[in-house]
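Participant: The opening position of the sequence shown corresponds to residue 1 in UniProt numbering, with each subsequent residue numbered one higher.
Idealized CB from N, CA, C, for every residue including glycine.
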Amino acid sequence: MTSTTLRPGGPLLSGAVYGCLLNVRDELDRLGDAIDEPPYNGAPTGPVLYVKTPNTHIAAGAPVPIPADVDRVRVGASLGVVIRDTLTRADTGQAAAAIAGYTLVNDVTVPHESLFRHPLKQKCRDGFCPIGPWLVDAADLPDPATLSVRAFVNGECRHEAGLDRLVRPVATLLADISDFTSLYPGDLILAGVSPDVPLAGPGDTVAVEIDGLGRLVNPLVRESSHREHTS
Numbered sequence: 001m002t003s004t005t006l007r008p009g010g011p012l013l014s015g016a017v018y019g020c021l022l023n024v025r026d027e028l029d030r031l032g033d034a035i036d037e038p039p040y041n042g043a044p045t046g047p048v049l050y051v052k053t054p055n056t057h058i059a060a061g062a063p064v065p066i067p068a069d070v071d072r073v074r075v076g077a078s079l080g081v082v083i084r085d086t087l088t089r090a091d092t093g094q095a096a097a098a099i100a101g102y103t104l105v106n107d108v109t110v111p112h113e114s115l116f117r118h119p120l121k122q123k124c125r126d127g128f129c130p131i132g133p134w135l136v137d138a139a140d141l142p143d144p145a146t147l148s149v150r151a152f153v154n155g156e157c158r159h160e161a162g163l164d165r166l167v168r169p170v171a172t173l174l175a176d177i178s179d180f181t182s183l184y185p186g187d188l189i190l191a192g193v194s195p196d197v198p199l200a201g202p203g204d205t206v207a208v209e210i211d212g213l214g215r216l217v218n219p220l221v222r223e224s225s226h227r228e229h230t231s
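1. What is the DSSP secondary structure of Ser231, counted as helix, strand or coil?
2. Tell me which residues share the same chain as Ser3 and place their Cβ nearer than 6 Å to its Cβ, disregarding the 5 neighbours each side in the sequence.
3. Figure out for me which residue from Leu12, Asn55, Thr45 has the closest Cα to the Cα of Pro130.
4. Can you say whether Thr146 is buried or exposed, counting buried as having 16 or more other CB atoms within 10 angstroms of its CB?
5. If the criterion is Cβ atoms closer than 7 Å, does the pair Val24 and Arg125 meet it?
6. Which residue wins for smallest C-alpha separation from Thr205, given the options Pro219, Ser194, Gly212?
7. How is Ser78 classed by DSSP in three states: helix, strand or coil?
8. If you count every other CB in all the chains shown that lies within 10 Å of the CB of Phe128, and 16 or more means buried, which is it?
9. What whole-angstrom Cβ distance do Asp26 and Ser148 have, given they're in contact under 8 Å?
10. Should Asp176 and Pro47 be called a contact, given that it needs their Cβ atoms to be closer than 7 Å?
11. Can you tell me whether Ala68 is buried or exposed, with buried defined as 16 or more other CB within 10 angstroms of its CB?
12. What's the call for Gly192, buried or exposed, on a 16-neighbour Cβ count within 10 Å?
13. Kindly indicate which three-state DSSP category Gly214 falls into: helix, strand or coil?
14. Give, in chain order, every unbroken run of the beta strand (DSSP E) that is at least 3 residues long and sits entirely within the stretch 137–209.
15. Would you list the one or two residues that DSSP bridges to Ala59?
16. Compare the C-alpha of Ala151 against each of Leu87, Arg222, Pro8, Ala207 and name the closest.
17. Hey, Leu188 and Val82: beta-carbon distance below 7 Å or not?
18. Please classify Pro198 as buried or exposed, where buried requires at least 16 other C-beta atoms within 10 Å of its C-beta.
19. CB-CB under 8 Å to Ala34, same chain, minus the five flanking residues each way: which ones, in chain order?
20. Please list the terminal residues of the continuous alpha helix (DSSP H) segment that includes Leu21.
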């Protein structure tokens, strides 16, 4: 298996980082009949994207600063898909061929219920997107749908979900995104986060794990102590 150390902002991961809402079947099941009411008026017909801005990107092992007004965060365990070639209005075959490899992502999020607006305040706090520790070549993971993603808090597995629960499998997701926005080398796409991932707070150590991709471990610290430590 070929793997390369992955550093946010490095040459392999130099582009945008996108997450995808409602790409796990359990998310749609959780909404139930509400998905047919305003403002949704039915399940989405295309990918529903959000952005993890550059200030959120941190490496494996780096502390995640939890703001003073936040008690707990969601441990958003996700498969990360790194793009190798530009994709514009691609089909699934072209999308699959454009994948450089896979990594682990923790889409740290302040718990919230509304999907009506882009959750910038809940998802884009400093350090809220640990990535890594490695990029595993796509050829070594030909079918991610056979794998499961796990979320740990203080060494205990608190959640496990099969990647076969994705509404849009990886290649389909990339192709559908490329219908309305091009993807470029170094971009990273989060395949989806289950609604049942655990909560954790300052003092906890959280981890994301997928067989073959290793384990992404980060401590959660209160933001004020983090700034004192790094100043």
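Facilitator: Let me lay it out:
1. With a pLDDT of 49 at Ser231, under the threshold of 50, the modelled position of this residue cannot be trusted; read the value that follows with caution. The answer is coil: DSSP assigns Ser231 none of H, G, I, E or B.
2. Trp134, Val136
3. Asn55
4. exposed
5. Contact flag unset, no.
6. Pro219
7. strand
8. buried
9. Contact flag wrong, Cβ pair sits at about 13 Å.
10. yes
11. exposed
12. So Gly192 counts as buried.
13. Residue state, collapsed to three classes: strand.
14. 148–153, 156–162, 188–190
15. Ile131
16. Ranking the options by Cα distance to Ala151, first place goes to Ala207.
17. It is a contact, given that the beta carbons lie within the stated cut-off.
18. buried
19. Tyr40
20. First-last for Leu21: 17–21, but that is the beta strand (DSSP E), not the alpha helix (DSSP H).
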